[in-house]
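Shown next, in structure tokens, is the structure this report addresses.
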Amino acid sequence: MKDEIDEFFETYLDSKPIFKNKQYLQANYIPNSILHRENEIKQMAKILAPALKGDKPSNLFIYGKTGTGKTLSAMYFAKKLTETANKNKEMRNLDFNVKVIYLNCKLKRIADTEYRLVAQLAREFGKDIPATGLPTDEVYKIFNQAIDCEKQIIILILDEIDQLIKKTGDEIIYSLTRMNSDLKKAQISIIGISNDLMFTDHMDPRVKSSLSEEELMFPPYNAVQIQQILRNRADLAFVENVIENGVIEKCSALAAREHGDARRALELLRVAGELSERENSDKLTIKYVDEAENKIERDRVFDIVGTQPKQFQAVLFSILVSSKNKKGYILTGEIYSCYKEICNNAGLRPLTQRRVSDILAELDMLGIINAKITSKGRYGRTREISLAIPSNTTKKVMKTLKEKLE
DNA sequence: GTCAATTCACATGAAAGAGACCACGGTCTAGTG
DNA sequence: CTAGACCGTGGTCTCTTTCATGTGAATTGACGA
Numbered sequence: 000m001k002d003e004i005d006e007f008f009e010t011y012l013d014s015k016p017i018f019k020n021k022q023y024l025q026a027n028y029i030p031n032s033i034l035h036r037e038n039e040i041k042q043m044a045k046i047l048a049p050a051l052k053g054d055k056p057s058n059l060f061i062y063g064k065t066g067t068g069k070t071l072s073a074m075y076f077a078k079k080l081t082e083t084a085n086k087n088k089e090m091r092n093l094d095f096n097v098k099v100i101y102l103n104c105k106l107k108r109i110a111d112t113e114y115r116l117v118a119q120l121a122r123e124f125g126k127d128i129p130a131t132g133l134p135t136d137e138v139y140k141i142f143n144q145a146i147d148c149e150k151q152i153i154i155l156i157l158d159e160i161d162q163l164i165k166k167t168g169d170e171i172i173y174s175l176t177r178m179n180s181d182l183k184k185a186q187i188s189i190i191g192i193s194n195d196l197m198f199t200d201h202m203d204p205r206v207k208s209s210l211s212e213e214e215l216m217f218p219p220y221n222a223v224q225i226q227q228i229l230r231n232r233a234d235l236a237f238v239e240n241v242i243e244n245g246v247i248e249k250c251s252a253l254a255a256r257e258h259g260d261a262r263r264a265l266e267l268l269r270v271a272g273e274l275s276e277r278e279n280s281d282k283l284t285i286k287y288v289d290e291a292e293n294k295i296e297r298d299r300v301f302d303i304v305g306t307q308p309k310q311f312q313a314v315l316f317s318i319l320v321s322s323k324n325k326k327g328y329i330l331t332g333e334i335y336s337c338y339k340e341i342c343n344n345a346g347l348r349p350l351t352q353r354r355v356s357d358i359l360a361e362l363d364m365l366g367i368i369n370a371k372i373t374s375k376g377r378y379g380r381t382r383e384i385s386l387a388i389p390s391n392t393t394k395k396v397m398k399t400l401k402e403k404l405e
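Residue numbers for the first sequence follow numbering that gives the first Met the number 0, so the first one is 0 and each next one is one higher.
Here it is in structure tokens:
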């Protein structure tokens, strides 16, 4: 036993490293120049440049599919803007600050409700806000005072703003834009980033127009562009010549298949690298890319399954059970009756059908199941549900769920 | 045969509740000088 | 006298329930050709 471990460590230490610096493949790494987004960044600069002169820039709304570089460009731009502003301030002795704040609205417990968003903003300005307990308008007041003590332009980047608005309504944007009229010295501009263009349809037209005074579209990358991006990063991250021919092509092809998602391509490459490192291989071969694809999917599913509440898991379990007993589509009603039985066996209080219906919709959003609403005429209207995860993953999920629900 | 009404089996919305968490301010208690 | 313990009130947040309303096409049934 001991020998085995020793041996493993030795070979591990002896093996030549594949990675030079893995950090360059991480999603939060901001490169010094962003390929194929020069135009978009230039546009952003044009729209937001007034901040440098102390004027409030227009609000900006950025949209585009996932992995098209929206967040990255915004971060990059934020960095540049603050740098320039600081330099400018010293050189010309200006009397105002430019501050860029980035918040991801999807982050649980940080910025996914109105209260938390404003609280987080106030914290950015050094105020101590409790996680709960205060009235929301109190927090607004604190934030207001915190920023209005000196002349400054605040640019607020709200990433995945669609999630926030879908969940809590659009008054947040309204309140934030309206704050400007209450502020004497400071001004706030909002950059909203979303990958769902349609969500603005449900918004109050006034809010909509004030949020998208300017709009910017990020088109998907094509396969060639993704390849270039990957090459660029791979050169930084990997030791030379460890990547076999075709690996980059394969990663980008897989990612391009899904609307040119560069983030996915990078993740594939990174995970493939990690897998080959783990096996002490000194080459990154195509084989590992395939494995990486499976692993990413599996990890994602397990992550969701693990973090969701019990009732979620029970519903998912009943989907798994009923999909095993029946091929083709399953209907909501079938799942619900199966679910009730499972709850009885597990000593769980079953939820109403209303709630289960919502849970099914959420599972669909998460991409664990495919649900399509169809009308069967006289025989009602329901979801046609099928699993969206490969069968070898379902088996494992089923096993863990079974244990959990006992 | 045609066309509008009906009907089913849920979907979808809105509102409100339960229970957990927490801040704030007031009151009570115990320890201190 | 003062610090800390202990309420009560009022706030947010998540998960749920309750009640109400919406929905799309297969089916039905009246109607006219």
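Built from N, CA and C at the ideal position, the CB exists for glycine as well. All values reported here derive from a predicted model rather than from experimental measurement.
- prompt: Looking at D281 and K15, is the spacing between their C-beta atoms short of 8 Å?
  reply: Yes.
- prompt: Between L102 and Q119, is the Cβ-Cβ spacing less than 8 Å?
  reply: Result yes, Cβ atoms of L102 and Q119 sit closer than 8 Å.
message: Between which residues of its own chain and K69 is the CB-CB distance below 6 Å, once the five residues before and five after are set aside?
response: So the qualifying residues of the chain are I61, G63, I192, F217.
message: Within 10 Å of its beta-carbon, does I372 have 16 or more other beta-carbons around it, so buried, or fewer, so exposed?
response: Looking at its Cβ environment, which holds fewer than 16 other Cβ atoms inside 10 Å, I372 is exposed.
query: From A255, E149, E290, L319, pick the residue whose C-alpha is nearest to that of V304; which is it?
result: Ranked by Cα distance from V304, the options A255, E149, E290, L319 are led by L319.
Cβ-Cβ separation, A233 to S251 (assumed contact under 8 Å), whole Å: At roughly 11 Å, the Cβ-Cβ gap does not stay under 8 Å, so S251 and A233 are not in contact.
query: alpha helix (DSSP H) containing F76: first to last residue?
result: DSSP places F76 inside the alpha helix (DSSP H), whose first and last residues are 69-91.
- prompt: Within the chosen definition, does the stretch 178-188 reach the stretch 5-21 through at least 3 CB pairs nearer than 8 Å?
  reply: Between the stretch 178-188 and the stretch 5-21, the count of C-beta pairs closer than 8 Å stays below three; the two stretches do not touch.
message: What does the alpha-carbon distance come out to for the pair L163 and L157?
response: Distance between the alpha carbons of L163 and L157: 9 Å.
- request: Might you give, ordered along the chain, the residues of its own chain that have their beta carbon closer than 8 Å to the beta carbon of K401, omitting 5 neighbours on each side?
  value: Non-local beta-carbon contacts of K401 in its own chain, meaning distances under 8 Å to residues more than five positions away in sequence, involve F316 in chain order.
Stretch pair the stretch 238-246 + the stretch 282-293: three plus CB contacts closer than 8 Å: Short answer: they touch.
- prompt: Taking the runs of the beta strand (DSSP E) that are 3 residues or longer, which of them lie wholly in the stretch 340-392?
  reply: Whole beta strand (DSSP E) segments, 3+ residues: 368-374, 380-386.
field: Run of the beta strand (DSSP E) containing S193, from where it starts to where it stops
entry: Per DSSP, S193 belongs to the beta strand (DSSP E) from 186-193.
query: Which whole-angstrom value describes the C-beta separation of S336 and L386, a residue pair presumed to lie in contact below a C-beta threshold of 8 Å?
result: Contact check for S336 and L386: beta-carbon distance about 18 Å, past the 8 Å limit, so the pair fails to qualify.
- prompt: Who are the near neighbours of E290 in its chain, counting only those whose CB is closer than 6 Å to its CB and skipping five residues on each side?
  reply: So the qualifying residues of the chain are L274.
- request: Measuring alpha carbon to alpha carbon, tell me which of I367, L404, T10 ends up nearest T392.
  value: Ranking I367, L404, T10 by Cα distance to T392 puts I367 first.
query: If you follow the beta strand (DSSP E) that M216 is part of, which residue opens it and which one closes it?
result: Looking at the DSSP string, the run of the beta strand (DSSP E) that includes M216 is 213-217.
query: Can Q226 and E248 be called in contact, C-beta distance under 8 Å?
result: Cβ distance < 8 Å, so Q226 and E248 count as in contact.
field: Beta-ladder partner(s) of Y101, from DSSP
entry: Its beta-bridge partners are I156.
message: Closer than 8 Å is the cut-off here; do at least three beta carbon pairs connect the stretch 141-161 with the stretch 46-58?
response: As far as the Cβ criterion goes, the stretch 141-161 touches the stretch 46-58, which means the pair count is three or higher.
task: Let me know the secondary structure DSSP gives Q416 once reduced to three states.
output: The requested residue 416 does not occur in the structure, where the chain is confined to residues 0 to 405.
query: Distance, Cα to Cα, F301 vs Y220?
result: One Cα belongs to F301, the other to Y220, and the distance between them is close to 29 Å.
query: In terms of residues, what are the limits of the alpha helix (DSSP H) holding F60?
result: That residue, F60, is in no alpha helix (DSSP H); its beta strand (DSSP E) goes 59-63.
- request: Could you tell me the boundaries of the alpha helix (DSSP H) in which Y139 lies?
  value: 135-146 is the extent of the alpha helix (DSSP H) around Y139.
query: Nearest-angstrom Cα distance between Y35 and I341?
result: One point to set straight first is that residue 35 is His, not Tyr, in the sequence displayed. H35 and I341 have their alpha carbons spaced roughly 52 Å apart.
- request: Look at L359 and T381 and say whether their C-beta atoms are less than 8 Å apart.
  value: The Cβ-Cβ distance between L359 and T381 does not fall below 8 Å.
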